[in-house]
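All remarks here apply to the structure that follows.
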Amino acid sequence: MQRLKYVLSEVMVGLWRNVTMTIAMIITMAVSLAMLGASGLMYMQVDSMKTFYYKNIEVAIFLDAEVTDAQRSELETQLKGDPLVREVIYESKQQAYEKFKTMYADAPDLVNAVKEGQLPESFRVRLKDPEQFKQIFDKYENTEGIETIVDQRRLLDKIFNILGSVQNMALAAASVMAIAALLLVGNTIQVAAYSKRREVAVMKLVGASNWFIQAPFVLEAVVAGLIGSIIAFAGLAAFKGFLLDGSLRDLTDLLTRLSWGDVLLMFPLMAGVGGLVSAVTAWVTLRFYLRV
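What follows is the structure in structure tokens.
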């Protein structure tokens with residue numbers, strides 16, 4: 001018990017002795033962990049969006065302007081009986097025009113430029129497996145009455161590729177900040193160990209184990225890492241509460257909703273990474289120091 005009290009008291013003294021560097025270490029760790037948490041949330045968000053949009057993805061089969069009733073009826077029968085198809089929805093020229101006016105209600109000039117009847121009729125086809133678009137395309141591309149076949153997945157893939165690039169950039173930035181945090185932790189521990197070099201030398205002379213000597217320094221780094229993770233989590237929670245659920249709510253209609261459970265899931269990740277990385281960095285730094 002006495003040893004534990006000594007170690008804890010030394011941790012508090014060490015954090016306060018180098019308060020400026022401790023604050024810098026906490027802030028750097030907090031920024032790094034916040035970016036790591038944001039990257040994790042972004043990966044979860046993109047995966048959720050992929051699941052949602054790919055599940056509801058459609059293949060648009062636009063019909064030729066001169067398609068006959070017989071050709072339209074035969075194509076509808078083939079699509080509804082196709083084992084690859086989950087659902088078939090027919091969209092007339094009138095329905096296409098009404099849908100177009102609704103989608104571009106904020107662009108009246110564009111709506112006025114398109115006349116009723118100019119938009120082609122189509123079949124909106126949902127596949128049981130969106131990956132099987134190629135089979136549908138090859139099967140129906142030369143069918144009479146079809147003008148063109150468009151797969152929404154191709155458009156979504158471009159969007160998700162962009163989001164994937166943003167994911168990688170965020171992860172790269174978090175990695176750079178993590179390296180900065182590691183260097184700062186190591187430097188802080190070195191300074192702390194140097195300021196107590198006489199005490200460390202006396203403790204070694206009287207037979208204190210390396211673990212007992214290292215414990216206060218390692219715990220200093222761990223405490224700083226945990227405090228940084230708490231600040232990082234508070235930042236993510238504020239971003240979720242005040243921006244995503246607040247002022248940016250109307251701008252995120254295209255995104256699947258980010259739940260509080262997802263945000264809470266990031267805290268043990270950030271706390272674990274912050275504490276573990278700080279402890280390992282401090283331990284490695286002290287291993288070199290104690291060999292001197």
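Under full-length UniProt numbering, the sequence shown has 38 at position 38, and the numbering climbs by one with no breaks. For every residue, glycine included, the Cβ atom is placed at its ideal position computed from N, Cα and C. Every value quoted in this text rests on a predicted model; they were computed, and no experiment measured them.
(request) Pull up the distance between the alpha-carbon of A178 and that of F217, whole angstroms please. (result) Here residue 178 corresponds to residue number 178 of the sequence shown, with the count starting at 1. Here residue 217 corresponds to residue number 217 of the sequence shown, with the count starting at 1. Near 20 Å, if we compare the C-alpha coordinates of F217 and A178.
(request) Run the CB neighbour count on M103, radius 10 Å, all protein chains shown included, and call it buried at 16 or more, exposed below. (result) By one-based count along the sequence shown, residue 103 stands at place 103. M103 is exposed by the Cβ-count criterion.
(message) Using a Cβ-Cβ cutoff of less than 8 Å, which residues in the same chain neighbour V166 once the five nearest sequence positions on both sides are dropped?
(response) By one-based count along the sequence shown, residue 166 stands at place 166. Counting only Cβ-Cβ distances below 8 Å, and skipping sequence neighbours, we find M42.
(message) Can you tell me whether I57 is helix, strand or coil according to DSSP?
(response) Translated into the one-based positions of the sequence shown, residue 57 becomes position 57. Coil at I57, not helix or strand.
(request) Leaving aside the five residues before and after Y140 along the sequence, list all residues of the same chain whose C-beta is less than 7 Å from its C-beta, in chain order. (result) For the purposes of this step, residue 140 is taken as the residue at position 140 of the sequence shown. Same-chain partners within the cutoff: I61, I146, I149.
(message) I believe L184 touches M44 by the beta-carbon criterion, under 8 Å. Please report the beta-carbon distance rounded to the nearest angstrom.
(response) For the purposes of this step, residue 184 is taken as residue 184 along the sequence shown, with counting starting at 1. For the purposes of this step, residue 44 is taken as residue 44 along the sequence shown, with counting starting at 1. Wrong, their Cβ atoms sit about 29 Å apart, outside the cutoff.
(message) Would the segment 98-113 count as touching the segment 121-141 if we require 3 or more Cβ pairs under 8 Å?
(response) Not touching, per the Cβ criterion.
(message) Less than 8 Å between C-beta atoms, sequence neighbours within five positions excluded: which residues of the same chain meet that for Q132?
(response) Residue numbering aside, residue 132 sits at position 132 when the sequence shown is read from its first letter. L84.
(message) Within the continuous beta strand (DSSP E) that includes D82, where are the two ends?
(response) As a first step, residue 82 must be located in the sequence shown, where it is residue number 82. Segment: none, D82 is in no beta strand (DSSP E) and carries neither H nor E.
(message) If the criterion is Cβ atoms closer than 8 Å, does the pair K128 and R86 meet it?
(response) For the purposes of this step, residue 128 is taken as the residue at position 128 of the sequence shown. For the purposes of this step, residue 86 is taken as the residue at position 86 of the sequence shown. Against a cut-off of 8 Å, the Cβ pair of R86 and K128 comes out as a contact.
(request) Indicate whether A34 and A232 have their beta-carbon atoms separated by less than 8 Å. (result) Residue 34 sits at position 34 when you count from the first residue of the sequence shown. Residue 232 sits at position 232 when you count from the first residue of the sequence shown. In contact: A34 and A232 (Cβ atoms closer than 8 Å).
(request) Classify E74 as helix, strand or coil using the three-state DSSP reduction. (result) In the sequence shown, counting from the first residue as 1, residue 74 sits at position 74. It is helical.
(request) Note down, in chain order, each residue of its chain lying with its Cβ closer than 8 Å to the Cβ of K80, except the 5 sequence neighbours on either side. (result) Within the sequence shown, residue 80 is the residue found at index 80, counting from 1. Same-chain partners within the cutoff: V88.
(request) Give the C-beta separation of A224 and S278 to the nearest angstrom, bearing in mind that I take them to be a contact with Cβ-Cβ under 8 Å. (result) As a first step, residue 224 must be located in the sequence shown, where it is residue number 224. As a first step, residue 278 must be located in the sequence shown, where it is residue number 278. Between A224 and S278 the beta-carbon gap is near 6 Å, inside 8 Å, which marks them as a contact.
(request) Note down the Cα distance separating V46 from L163, rounded to an integer number of angstroms. (result) Here residue 46 is taken as the residue at index 46 of the sequence shown, counted from 1. Here residue 163 is taken as the residue at index 163 of the sequence shown, counted from 1. Looking at the two C-alpha atoms, the distance is approximately 7 Å.
(message) What does DSSP give as the partner residue(s) for L127 in the beta ladder?
(response) Taking the first residue of the sequence shown as 1, we reach residue 127 at position 127. Looking at the DSSP assignment, L127 forms a beta bridge with V85.
(request) Sort out for me which residues DSSP pairs I26 with in a bridge. (result) Along the sequence shown, one-based indexing puts residue 26 at 26. According to DSSP, which records beta bridges pairwise, I26 is partnered with nothing at all.
(request) For the alpha helix (DSSP H) holding V67, just list the boundary residues, first then last. (result) If you number the sequence shown from 1, residue 67 lands on position 67. Counting along the chain, no alpha helix (DSSP H) covers V67, and no H or E run does either.
(request) Consult DSSP for V114 and reduce its assignment to one of helix, strand or coil. (result) Locating residue 114 in the sequence shown gives position 114, where the first residue counts as 1. Note: V114 maps to coil in three-state DSSP.
(request) On a CA-only basis, which of G235, R287, V284, A282 is nearest M266? Give me that one, please. (result) Numbered from 1 along the sequence shown, position 266 holds the residue referred to as residue 266. Ranking G235, R287, V284, A282 by Cα distance to M266 puts G235 first.
(message) If contacts are defined as beta-carbon pairs under 8 Å, then G275 and L226 qualify, I think. What distance do you get, rounded to the angstrom?
(response) The residue labelled residue 275 in the question sits at position 275 within the sequence shown. The residue labelled residue 226 in the question sits at position 226 within the sequence shown. Correct: roughly 5 Å between the Cβ atoms.
(message) With distance defined between alpha-carbon atoms, name the residue in F242, E121, I189 nearest to V284.
(response) Numbered from its first residue, the sequence shown carries residue 284 at position 284. For the set F242, E121, I189, the Cα lying nearest the Cα of V284 is the one of I189.
(message) Only counting the same chain, and skipping five residues up and downstream in sequence, which positions put a Cβ closer than 8 Å to that of T281?
(response) Within the sequence shown, numbered from 1, the residue matching residue 281 stands at position 281. Leaving aside the five residues that flank T281 on each side, the residues in its chain whose CB is nearer than 8 Å to its CB run, in chain order, L182, V185, G186, I189, A221.
(request) Assign E121 to one of two classes, buried (16 or more other C-beta atoms within 10 Å of its C-beta) or exposed (fewer than that). (result) The sequence position of residue 121 within the sequence shown is 121, counting from 1. Result: buried.
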